[in-house]
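In the UniProt record's numbering, the protein residues as written are 1 to 205.
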């Protein structure tokens, strides 16, 4: 059993305060300016970097969207994606660690949405995409929080069909070579101290 390391905790929640909204519901708010996320590559984020919230991923320049799973610019493509398993098409997604099928943003008539078009642009340009996995996304995801798993490229994309007949776009992301193995990252991140900090955050939020 690890005791809470206060320095670890303070860094994980840096710039985050809890705001009480209508009805007494409390939610996290970022009080400092986030680092720019509109940069290709690692953006000075170490492999295996772990966060408590998507908001703190944004704070550190990992992913520029507070909620959306795909972040990028129309003229350049996607800088990052968060694999969360919450697309609504999880039954057709597949995550094998070094490659995964990633469902594009939702469209009721299988049109290519603006967010999905970012990944098409990345397929054309071959620019790297940061992949962050969220808890529960797959067996490769962290059991809690969010973790940076490295750079991937969009190898291909297709119009897939769900069991109910609904069609949607999905994208195959393949991990780029010469990075620490995903197995190694998965085994060491989050650390026991980060897990203890997460438990504290959950208790007091």
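Note that CB positions come from ideal geometry on N, CA and C, so glycine has one too.
- Short of 7 Å from the beta carbon of residue 66, and not among the five residues preceding or following it, lie these beta carbons of its own chain, in chain order: 54, 55 and 58.
- Listed in chain order, the alpha helix (DSSP H) runs fully inside the UniProt domain "YDG" (40-175) are 54-59 and 114-125, counting runs of at least 4 residues.
- Membership of residue 192 in the alpha helix (DSSP H) is indicated by the continuous run 192-204.
- Of the residues 33, 50, 40 and 39, the one whose Cα lies closest to the Cα of residue 12 is 50.
- When secondary structure is reduced to three states using DSSP, residue 14 falls in the coil class, being assigned neither helix nor strand.
- In the three-state reduction of the DSSP assignment, residue 35 falls in the coil class.
- With respect to residue 52, residue 201 sits close: the two C-beta atoms are nearer than 8 Å.
- By the C-beta density criterion, residue 168 is buried, having at least 16 other C-beta atoms within 10 angstroms.
- Looking from the CA of residue 95, the closest CA among 139, 34 and 23 belongs to 139.
- Beta-bridge partners of residue 30 (DSSP): 16.
- In this structure, residue 174 sits away from residue 160, with a CB-CB distance that is not shorter than 8 Å.
- With a threshold of 16 other beta carbon atoms within 10 Å, residue 132 meets it and is buried.
- Proximity to residue 7 across 203, 194, 48 and 45 peaks at 194, based on C-alpha coordinates.
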